[in-house]
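Numbering (our numbering), first residue to last: 2 to 252.
Note that the Cβ used here is the ideal one computed from N, Cα and C, for glycine as well.
And the structure:
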């Protein structure tokens, strides 16, 4: 009898204590809650009344806010922000802008390619097509792109283009475009021509091969003929200007 009972005890399946259900589900609960809060904040942002600022080609006075922050827009750029600025210092940018941010609550600039967050600083943001550049002129800037955070200090910047990125360094106190100049460093020639069209509201008819050609230099915002000469001559190109329509061709 005792032998048969011992055999039954040994044959009985062993039960391994499992973690409480709440503990096992907790990571999933946290993830769902975080996703819900993100969607809620995005919904809140889209439902708030917005103010829109569109920059043309003429001289543009800075856009200022009640906290002392201000922004300057380059040609062909747009800003959108909440009408109630005190509720959230968040801006949507399309194009290029220079920001001077007063200290206070986080100040966020949202673009199609990435976001920038600061507390108090001066910085420039450029986002056109797939090009995304941020440069810090004062303080410290946090750039978020593709799930990564990059911190920039004064005199440092970062440039993203077609899946690559490169650091930027310069000693200038502010971007050249604020002083009426467009400056390029190893930029695609197509980008340079696009900037000419934005700054002067012209149409360029390209009859030259611009693929894989890069331009380093600058042009003024107030003299179209000089701008065309500065871009075309070093690239071996000529131009025929007839009003707002300009033909670009090989020399």
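Run the CB neighbour count on residue 161, radius 10 Å, all protein chains shown included, and call it buried at 16 or more, exposed below.
buried
Please state whether DSSP places residue 82 in a helix, a strand or coil.
strand
Counting Cβ pairs closer than 8 Å, one from the segment 213-229 and one from the segment 180-199, do we hit at least three?
yes
Could you tell me the alpha carbon to alpha carbon distance between residue 68 and residue 242, rounded to whole angstroms?
Residue 68 and residue 242: Cα-Cα distance of roughly 46 Å.
Rounded C-alpha distance that separates residue 84 from residue 52:
Each residue's alpha carbon lies about 6 Å from the other.
Mind checking who residue 143 pairs with in its DSSP beta bridge?
The partner list for residue 143 (beta bridge, DSSP) reads 118, 152.
Start and end residues, beta strand (DSSP E) containing residue 162:
157-162
Could you pull the start and end residues of the alpha helix (DSSP H) that residue 196 belongs to?
190-201
Helix, strand or coil, according to DSSP, for residue 177 in the structure here?
helix
Of all the options 226, 209, 175, 207, which has the alpha carbon lying nearest to the alpha carbon of residue 200?
Per the Cα distances, 226.
Helix or strand or just coil, what does DSSP make of residue 89?
coil
For residue 105, collect the residues of the same chain with a Cβ closer than 8 Å to its Cβ; drop the 5 residues on either side in sequence, then sort them by chain order.
68, 90, 120, 121
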